[in-house]
Amino acid sequence: MQGSALIRDLSRQAFRSALARSARRLDEAELRRPAMVFAPHPDDETLGCGGTILLKRRLDVPVRIVFVTDGSGSHPELLPPEELSKLRAREALEASKLLGVDTSRVHLLGFPDRYLLEHREEAISRVVALLEAHRPEQLFVPYAAGENPDHGSTCLIVHEALRRVNRPVTVLEYAVWSWRYWPNVRRDGALWDPRTWVRNTASTVRGLVRSSAFRTCVNVHEVLAGKRAALARHTSQLERRHGDPRWVTLRDVDGGEFLECFFDGFEFYRRIDFNPRPIS
Numbered sequence: 001m002q003g004s005a006l007i008r009d010l011s012r013q014a015f016r017s018a019l020a021r022s023a024r025r026l027d028e029a030e031l032r033r034p035a036m037v038f039a040p041h042p043d044d045e046t047l048g049c050g051g052t053i054l055l056k057r058r059l060d061v062p063v064r065i066v067f068v069t070d071g072s073g074s075h076p077e078l079l080p081p082e083e084l085s086k087l088r089a090r091e092a093l094e095a096s097k098l099l100g101v102d103t104s105r106v107h108l109l110g111f112p113d114r115y116l117l118e119h120r121e122e123a124i125s126r127v128v129a130l131l132e133a134h135r136p137e138q139l140f141v142p143y144a145a146g147e148n149p150d151h152g153s154t155c156l157i158v159h160e161a162l163r164r165v166n167r168p169v170t171v172l173e174y175a176v177w178s179w180r181y182w183p184n185v186r187r188d189g190a191l192w193d194p195r196t197w198v199r200n201t202a203s204t205v206r207g208l209v210r211s212s213a214f215r216t217c218v219n220v221h222e223v224l225a226g227k228r229a230a231l232a233r234h235t236s237q238l239e240r241r242h243g244d245p246r247w248v249t250l251r252d253v254d255g256g257e258f259l260e261c262f263f264d265g266f267e268f269y270r271r272i273d274f275n276p277r278p279i280s
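Numbering of the sequence shown is given in UniProt numbering, commencing with residue 1 and proceeding in unit increments.
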């Protein structure tokens with residue numbers, strides 16, 4: 001087991017380093033552009049682009065964070081949704097503060113976790129209002145493919161809002177759950193089982209194809225400690241509540257290997273330069 005873990009660690013390091021070398025870096029001029037970050041759930045902002053937010057705030061660049069859902073669906077069988085929603089809102093504000101984003105620049109839209117798409121039109125209208133009121137030059141949005149449904153819905157909603165606002169902006173899509181493939185995380189099952197081998201190989205191929213879209217990156221090595229500190233504020237996602245073994249956390253995913261995908265020193269993005277349509 002130790003040998004296979006070592007091989008995976010070395011393979012992951014080589015893969016992520018190669019991905020970073022082949023990607024275009026955001027330069028300081030681009031880091032200085034005002035931004036709006038869309039997080040489907042509290043913690044996605046830190047996982048996906050927390051280091052980039054910290055670097056922007058070091059440069060005193062205006063950043064707003066929009067939490068689209070209330071996060072009440074993470075442990076609904078163990079805590080009433082209304083209580084979980086309040087808890088995660090507090091965590092979101094605390095994490096944002098550690099990322100350098102003041103409470104006045106945090107927007108809690110409060111749509112129900114897991115049911116965002118059912119509120120599509122209202123969500124689009126609210127995003128349109130935010131874009132028109134604050135006119136960010138960059139948008140950080142969750143990547144859709146291979147992601148949690150609320151991530152895909154958030155991506156769809158923001159892109160539709162952009163079409164309605166119809167002005168130039170750079171969209172930088174970040175992945176969260178899409179990183180769950182070998183060599184980023186361990187393979188499932190017994191390696192000698194043919195069915196396991198086929199399933200894992202298919203997962204890796206899909207992951208590698210998706211990763212080819214992430215051609216932009218930011219070096220965040222110097223702010224990793226700050227990123228970890230911000231993520232730690234999302235206590236409900238990292239610690240078992242009252243020690244309850246049924247309370248699953250991000251540390252449980254792939255034996256903790258999943259979390260480490262976000263702390264290797266680079267944040268990767270799929271870049272889309274949105275240009276407005278001519279008005280006829």
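The C-beta atom is built at its ideal place from N, Cα and C for all residues, glycine as well.
The alpha-carbon of residue 213 is positioned some 41 angstroms away from that of residue 242.
Residue 254 and residue 16 have their C-alpha atoms some 18 angstroms from each other. Bounds of any beta strand (DSSP E) do not take in residue 276, whose DSSP letter is neither H nor E. CA-CA distance, residue 144 to residue 136, rounds to 21 angstroms.
One Cα belongs to residue 73, the other to residue 148, and the distance between them is close to 12 angstroms. Taking the Cα positions, residue 163 is about 22 angstroms away from residue 30. Each of 91, 42 and 61 was checked against the Cα of residue 69, and the nearest Cα belongs to 42. Non-local C-beta neighbours of residue 19 in its own chain, meaning closer than 8 angstroms and more than five positions away in sequence, comprise 211, 214, 217, 266 and 268, ordered along the chain. Exposure of residue 83 is indicated by the presence of fewer than 16 other C-beta atoms within 10 angstroms of its C-beta. With a 10 Å radius around the Cβ and a threshold of 16 neighbouring Cβ atoms, residue 7 comes out exposed. Looking at the DSSP output, residue 173 sits in a beta bridge with 141 and 270.
Distance check between residue 219 and each of 182, 25 and 206 places 25 closest, using alpha-carbon atoms only.
In the DSSP secondary-structure assignment, residue 25 is bridged to 217. The region 225 to 242 makes no contact with the region 122 to 129: fewer than 3 CB pairs, one atom from each, lie closer than 8 angstroms. Contact between residue 64 and residue 105 is confirmed by a C-beta separation of about 5 angstroms, below the 8 angstroms threshold.
Checking the DSSP bridge columns, you'll see residue 37 partnered with 65 and 140. 9 angstroms or more divides the Cβ of residue 96 from the Cβ of residue 229. Sequence-distant partners of residue 249 (beyond 5 residues in either direction) whose C-beta falls short of 7 angstroms from its own C-beta, in its chain, are 237, 238, 239 and 240. C-alpha of residue 274 to C-alpha of residue 244: approximately 46 angstroms in a straight line. Its Cα nearest to that of residue 40, the residue 88 stands out among 76, 52, 88 and 28. Distance check between residue 222 and each of 179, 50, 152 and 155 places 50 closest, using alpha-carbon atoms only. If you compare the alpha carbons of 252, 257 and 169 with that of residue 276, the shortest gap goes to 169. Assignment of beta-bridge partners to residue 131 by DSSP yields no partner.
Exclusion of the five residues before and after residue 23 leaves 214, 215, 216, 217 and 268 as the residues of its chain whose Cβ lies within less than 7 angstroms of its Cβ. For residue 209 and residue 21, the gap between their C-alpha atoms comes out near 17 angstroms.
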